[in-house]
Amino acid sequence: MRPFTSTLIAFLSATLAFALTLPKRQTTTIYQSPYSGIIVAPVANDVIVPGVNFTFQYDNSNWCESGFSQFVVYITSGSTPPPFDNVTVNGTLADGTYVLDLGKYVVPNFPGLPAIGTPPPSSMVLPTTIVDEVDNTTQVYLTVLQEYDGCPGHIAVEYSLTSVPVTLGAAAA
Ligand SMILES: *[C@@H]1O[C@H](CO)[C@@H](O)[C@H](O)[C@H]1NC(C)=O
Ligand SMILES: *[C@@H]1O[C@H](CO)[C@@H](O)[C@H](O)[C@H]1NC(C)=O
Ligand SMILES: *[C@@H]1O[C@H](CO)[C@@H](O)[C@H](O)[C@H]1NC(C)=O
Ligand SMILES: *[C@@H]1O[C@H](CO)[C@@H](O)[C@H](O)[C@H]1NC(C)=O
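With numbering that gives the first Met the number 0, letter number 172 in the sequence shown gets 171, and the count goes up by one each step, no holes.
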């Protein structure tokens, strides 16, 4: 019993160490980045009123040291933030797992790089029609899905998903 148990524990800790050092591998080729950027604004439980601009700021992670970082911003609904399982091979959230796609944005990571894509705006606005899809008693999240290119370990692409819970306010009449 004792030798078996210690062998099992050794096996489990080896497995755990392995799991902690490698990015989490999902089905087929969708890798979860071990690091994520940070949603600075909005902050948890901010009230966002449809039709009224709210401050947006995402500090991206550039642990793969690529020239540019791109990310997509979503509004999702449900009792929990969207799970990583909902990331598709296309670097998007699967259809039906989000309420709104607020756009794809690109930031240069080093000075002097040309601007490519759309830079993230400092404020965003939700359409007033969002209240037709989610009522204000439903928990919503502002979610950022970031892509990481050319990561260590010869992994071409990884993704991170981070969310903050926010509240939909009543739209101004
Ligand atoms: C989203 O993730 C949840 C939890 O893993 C899963 O049950 C659901 O089927 C996923 N939906 C899609 C469309 O991928
Ligand atoms: C990925 O994008 C391709 C081309 O737009 C599309 O045909 C395919 O359904 C998408 N796959 C998923 C899982 O969203
Ligand atoms: C509100 O946000 C939209 C979308 O990002 C932007 O185009 C517009 O300039 C913003 N308006 C103000 C007053 O900040
Ligand atoms: C939620 O929506 C209902 C119906 O539109 C409205 O009467 C109520 O004032 C809203 N509550 C908040 C906190 O926005």
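Even for Gly, the Cβ is constructed at its ideal location relative to N, Cα and C.
In chain order, Ile47, Phe53, Thr54, Phe55, Leu141, Val163, Val165 place their CB closer than 8 Å to the CB of proline 41, counting only its own chain and leaving out the 5 sequence neighbours on each side.
Beta-carbon to beta-carbon, proline 119 and tyrosine 57 are separated by about 6 Å, close enough to satisfy the 8 Å threshold. Out of Val156, Val39, Ile29, Pro81, the CA that lies nearest to the CA of valine 139 is found in Pro81. Annotation: glutamate 146 to leucine 125 spans about 24 Å, alpha carbon to alpha carbon. Under DSSP, serine 122 shares a beta bridge with Thr54. Counting only the Cα atoms, threonine 79 lies some 21 Å from tyrosine 30. For aspartate 100, the enclosing beta strand (DSSP E) covers residues 99-107.
Taking a contact as a CB-CB distance under 8 Å, the pair asparagine 59 and serine 65 does not count as one, their CB atoms being some 10 Å apart. No Cβ-Cβ contact shorter than 7 Å links proline 49 with valine 106. Valine 51 has its Cβ no nearer than 6 Å to any heavy atom of ligand 3. Around the Cβ of serine 32, a 10 Å sphere holds 16 or more other Cβ atoms; the residue is buried.
Ranked by Cα distance from glycine 77, the first of His153, Asn135, Thr87 is Asn135. Boundaries for isoleucine 29: no beta strand (DSSP E) harbours it, and the DSSP string shows neither H nor E there. Going by beta carbons, leucine 144 and leucine 160 fall inside the 7 Å limit.
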